[in-house]
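Read the structure below first, then the notes.
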Amino acid sequence: MDRTHGIIRHIRSLTPDDRKLKIMNVCGSHEHTIAFSGMRSLMPENLEIIPGPGCPVCVCPESDIIHAIDLSNRDDVILVTYGDMLRVPSVKGSIRAQGKNYKMVSSPFEAISIAHSNPDKKIVFFSIGFETTTAPTAAILETGVPDNFFVLSSHRLTPAIMEVLVKDADIGIDGFIAPGHVSAIVGADAWNVFSEKYGIPTVVAGFQADNLMLGIAEILGQLKSGKITTGNVYAGVVRPEGNLQAQKIMDKFFEVSDVNWRAIGHIPGSGLELRDEYSGRDAKKAFDLEEVKESKIPGCICGTIILGKAYPSACRLFRKACTPKTPKGPCMVSMEGACNIWFKSNLSRQDDITGAVS
Amino acid sequence: MCLAVPMKIVKKDGFSASAEADGVFMEVNLRLLDDARIGDYVLVHAGFAIEKVDEHEAEETLKMMEEIAGLNEKNEVR
Ligand code: SF4
Numbered sequence: 001m002d003r004t005h006g007i008i009r010h011i012r013s014l015t016p017d018d019r020k021l022k023i024m025n026v027c028g029s030h031e032h033t034i035a036f037s038g039m040r041s042l043m044p045e046n047l048e049i050i051p052g053p054g055c056p057v058c059v060c061p062e063s064d065i066i067h068a069i070d071l072s073n074r075d076d077v078i079l080v081t082y083g084d085m086l087r088v089p090s091v092k093g094s095i096r097a098q099g100k101n102y103k104m105v106s107s108p109f110e111a112i113s114i115a116h117s118n119p120d121k122k123i124v125f126f127s128i129g130f131e132t133t134t135a136p137t138a139a140i141l142e143t144g145v146p147d148n149f150f151v152l153s154s155h156r157l158t159p160a161i162m163e164v165l166v167k168d169a170d171i172g173i174d175g176f177i178a179p180g181h182v183s184a185i186v187g188a189d190a191w192n193v194f195s196e197k198y199g200i201p202t203v204v205a206g207f208q209a210d211n212l213m214l215g216i217a218e219i220l221g222q223l224k225s226g227k228i229t230t231g232n233v234y235a236g237v238v239r240p241e242g243n244l245q246a247q248k249i250m251d252k253f254f255e256v257s258d259v260n261w262r263a264i265g266h267i268p269g270s271g272l273e274l275r276d277e278y279s280g281r282d283a284k285k286a287f288d289l290e291e292v293k294e295s296k297i298p299g300c301i302c303g304t305i306i307l308g309k310a311y312p313s314a315c316r317l318f319r320k321a322c323t324p325k326t327p328k329g330p331c332m333v334s335m336e337g338a339c340n341i342w343f344k345s346n347l348s349r350q351d352d353i354t355g356a357v358s
Numbered sequence: 359m360c361l362a363v364p365m366k367i368v369k370k371d372g373f374s375a376s377a378e379a380d381g382v383f384m385e386v387n388l389r390l391l392d393d394a395r396i397g398d399y400v401l402v403h404a405g406f407a408i409e410k411v412d413e414h415e416a417e418e419t420l421k422m423m424e425e426i427a428g429l430n431e432k433n434e435v436r
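If you're matching them up, the sequences are chains B and X in order. Those letters in the first sequence? Residues 1 to 358, per the numbering used here, in order. Those letters in the second sequence? Residues 359 to 436, per the numbering used here, in order.
Below, the structure is given as structure tokens:
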């Protein structure tokens, strides 16, 4: 018997016969591995692996996208951001379709080079993402940025949204697979709140299918024994305390704020904005950006999917009006969005998770 | 967006380093991991080394995997 089959058999032996368990992943790259490995079809019937809020592009508020479009239409601005953000739909369209001066980067360093080579322009770096992506942005601020460089921060905190999920009785999560690279920054101990306060096993996993399944087995083992702790099957990379140097730099520049999540709503203490000392670099302040009320995308159930209450195939637009080439909602745009992943890996299932979608 | 790749540091000068994976070289910044040394494997995300790869720990995980995969076989025999 090879290793993969061995782990699957172990998972089967740990899954109860008499009740359904739901384990959620909160990382688009995890969902990617799960979907493309075909792992779900090998899991026992009573075990559901559901995708959660692991797609930063998906949860970035429409208000920030509209600001990015407006900024890119100013003659004195070049808007710079990660590739996926250019295609995310908003009521105004996408940055790519409606913006004028914008550039795509894969590292914040490129944004700095653009600022240096365009001294007569204001460079706004539309910086989005969870902790893994916040750290590099903080690092360039630490390195020192030119005066014509501004940050439009749309950073989000993973533990904050997970706490919303555990409190939602509709979802009923039995275990979390914690995101590997977010954990590299924040540390495995950052998830202790879930095991200690909520009694939900939370296990840090890496990105290989076998490693993810090992994490799932660990969650099931904990549920069976009743000994709930934070697990870590990605210890080759993730330390209990995380990357303290990165945490220190992030804390120097960013402070926790109350922010909106697209299609989900307002969550206190779930975002990051630049501290007052660095407000001169804050695009929201420098350009007087006022929050725009979010519109609803007709038919799109991204919010329900992100909260783990429905699978992408429960959306009536999935694979029909909404495809990666014609994304109607944000979850179809990025390769971390559940709808995009399910489309590309040909996944579908008829049932939905909690009956939240009719 | 949160994906990162393991690379080996081959050159280091202050916060600037050069790292290699599968014959591909890349400039990597060490601002988030300044104690990384030449020869270390690090995880690289958006041009930054974000964490060291601990080979010993990685092997332990592998062993755990083998054990779990094998453990069932033993149960079957019993
Ligand atoms: S398939 Fe498209 S429209 Fe439906 S939830 Fe996903 S992104 Fe939204």
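Cβ coordinates follow ideal geometry from the N, Cα and C atoms, glycine included. Keep in mind that this is a model prediction, so the values were computed, not measured.
Item                                                                                                                            : Value
Met-335 of chain B Cβ short of 8 Å to the ligand SF4 heavy atom set                                                             : no
Partners in chain X for Arg-3 of chain B, counting only beta-carbon separations shorter than 7 Å                                : Met-423, Glu-424, Ala-427
Chain X residues whose Cβ lies nearer than 9 Å to that of Pro-136 of chain B                                                    : Asn-387, Arg-389, Leu-390, His-403, Ala-404, Gly-405, Phe-406, Ile-408
The ligand SF4 heavy atom lying under 8 Å from the CB of Ile-341 of chain B                                                     : no
Chain B residues whose Cβ lies nearer than 7 Å to that of Val-411 of chain X                                                    : Gly-236, Val-237
Closer than 5 Å to the ligand SF4: residues, by C-beta to nearest heavy atom, in chain order                                    : B:Cys-300, B:Ile-301, B:Cys-302, B:Cys-315, B:Leu-317, B:Phe-318, B:Cys-322, B:Lys-328, B:Gly-329, B:Cys-331, B:Met-332, B:Cys-339
Straight-line Cα distance separating Ile-66 of chain B from Asp-393 of chain X                                                  : 41 Å
Residue span of the alpha helix (DSSP H) that contains Asp-251 of chain B, given as start and end                               : 244 to 253
Identity of the residue in B:Leu-214, B:Cys-300, B:Glu-62, B:His-116 nearest Gly-428 of chain X by Cα                           : B:Leu-214
Pair within 9 Å by beta-carbon distance, Lys-410 of chain X and Val-237 of chain B                                              : yes
Interface residues of chain X facing Gln-245 of chain B [CB-CB closer than 9 Å]                                                 : Arg-389, Leu-390, Leu-391, Asp-392, Asp-393
Cβ-based contacts, 9 Å cut-off: residues of the stretch 184 to 217 of chain B near chain X                                      : Ala-184, Ile-185, Gly-206, Phe-207, Asp-210, Asn-211, Met-213, Leu-214, Ala-217
Spatial distance of Val-151 of chain B from His-116 of chain B (CA atoms)                                                       : 15 Å
Under 9 Å between C-beta atoms of Ile-408 of chain X and Ala-310 of chain B                                                     : no
Beta-carbon proximity check, Lys-103 of chain B vs Ile-112 of chain B, cutoff 9 Å                                               : no
Contact set between Pro-44 of chain B and chain X, taken where Cβ atoms lie within less than 9 Å                                : Those do not exist, as Pro-44 of chain B stays about 14 Å from chain X at its closest Cβ, beyond 9 Å.
Per-residue DSSP class, three states only, for Ala-407 of chain X                                                               : strand
Chain X contact for Ala-178 of chain B (CB, 9 Å cutoff)                                                                         : no
Whole-number beta carbon distance between Arg-3 of chain B and Asp-210 of chain B, since they are thought to touch under 8 Å    : 6 Å
Nonlocal neighbours in the same chain, by C-beta distance under 6 Å from Thr-202 of chain B, ignoring five residues either side : Phe-176, Ala-178, Trp-191, Phe-194, Ser-195, Thr-230
Nearest candidate by alpha-carbon position, reference Ser-107 of chain B, set B:Leu-42, B:Ser-90, B:Thr-137                     : B:Thr-137
Neighbour list for Ala-416 of chain X in chain B, Cβ cutoff strictly below 7 Å                                                  : Gly-236
Terminal residues of the alpha helix (DSSP H) in which Asp-371 of chain X lies                                                  : It is not in any alpha helix (DSSP H) - Asp-371 of chain X instead sits in the beta strand (DSSP E) that spans 363 to 371.
Residue ranges of each beta strand (DSSP E) within the stretch 152 to 203 of chain B, 3 or longer                               : 175 to 178
Which of helix, strand or coil DSSP assigns to Cys-58 of chain B                                                                : helix
Residue-level contact to chain X via CB, His-116 of chain B, 9 Å cutoff                                                         : no
Option in B:Glu-290, B:Cys-300, B:Ile-128, B:Asn-101 with minimal Cα separation from Asn-118 of chain B                         : B:Asn-101
Simplified DSSP assignment, three categories, for Ser-37 of chain B                                                             : helix
Whole-number beta carbon distance between Arg-389 of chain X and Ala-139 of chain B, since they are thought to touch under 8 Å  : 4 Å
Reduced DSSP category for Cys-322 of chain B - H, G, I as helix; E, B as strand; rest coil                                      : strand
Delimiting residues of the alpha helix (DSSP H) encompassing Pro-51 of chain B                                                  : Element bounds for Pro-51 of chain B: not the alpha helix (DSSP H) but the beta strand (DSSP E), 47 to 51.
Proximal chain X residues relative to Val-233 of chain B, where beta-carbon distance stays under 9 Å                            : Thr-419, Met-422, Met-423
Identified DSSP bridge partners for Gly-271 of chain B                                                                          : B:Arg-156, B:Ser-257
Contact with chain B by Arg-436 of chain X, beta-carbon distance below 9 Å                                                      : The pLDDT assigned to Arg-436 of chain X is 36, lower than 50, so where the model puts this residue is not dependable; a value taken from the coordinates is nonetheless given after this. No - not a single Cβ of chain B is within 9 Å of the one on Arg-436 of chain X.
Short Cβ contact (9 Å threshold) for Val-400 of chain X with Pro-364 of chain X                                                 : yes
Sub-9 Å separation of Ile-305 of chain B and Cys-322 of chain B beta-carbons                                                    : no
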